[in-house]
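Only one structure is covered here, and it is reproduced in the block below.
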Amino acid sequence: MSLLTPSFGLLFWMLISFVIVFGLLAKFGFPVIVKMVDERRAYIRESLESADEANRKLENIKQESDTIIKDARDRQNAIIKQATDEGNKLVQSAKDQALVEAQKQMDNAAQRIEVEKQRAMEDIRLEMAELSVRIAEKILRRKLDNPESQHALISQFLDEMDTVKI
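Using numbering that gives the first Met the number 0, you'd call the opening residue of the sequence shown number 0 and step up by one each time.
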């Protein structure tokens, strides 16, 4: 007998043992193994579907968050622009109001200056008139000290009044 060529009896009993083991496995082992493989396949499929669903949800959430961030930035820029515009308007309004107030004060000052100028001119006129009267009074007293100069002055006034009436 050779090692490479088995005998017919050995082949027969090996075949019978193989059929019995295969039958037992086919009856009891393979259904359990197939069931476990199917369950594992179903679990893996469900896990992949769940992972795909989670990825889709994550992508949607990412897009929504990007949209929300973009909207928030747009609103922020709009609010900043509006605040800047309102600030500029307030500054311009304050400048305009200050210019109007300054013009009013300048006009009031000019009016007060004009009034004061008129008063000063009136005071100067009054003082000049008073001074003229005093000077004339002093001149007249000197001239009227003697009676001859009184008569000469009266005659001169009368002559001037006659010429003025004509």
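A virtual CB, placed ideally from N, CA and C, is assigned to each residue, including glycine.
Keep in mind that this is a model prediction, so the values were computed, not measured.
Between the C-alpha atoms of residue i and residue j, what's the straight-line distance to the nearest angstrom?
i: Val33; j: Ala41; result: 12 Å
i: Phe29; j: Ile60; result: 45 Å
i: Gln91; j: Leu125; result: 50 Å
i: Phe7; j: Ile19; result: 18 Å
i: Val99; j: Gly86; result: 20 Å
i: Ala108; j: Gln81; result: 40 Å
i: Thr4; j: Leu23; result: 29 Å
i: Ile165; j: Ser154; result: With a pLDDT of only 46 at Ile165, under the threshold of 50, the placement of this residue in the model should not be trusted; the figure read from the coordinates follows. Cα to Cα, Ile165 sits roughly 17 Å from Ser154.
Going by DSSP, what residue range makes up the alpha helix (DSSP H) through residue i?
i: Phe11; result: Phe7 to Leu23
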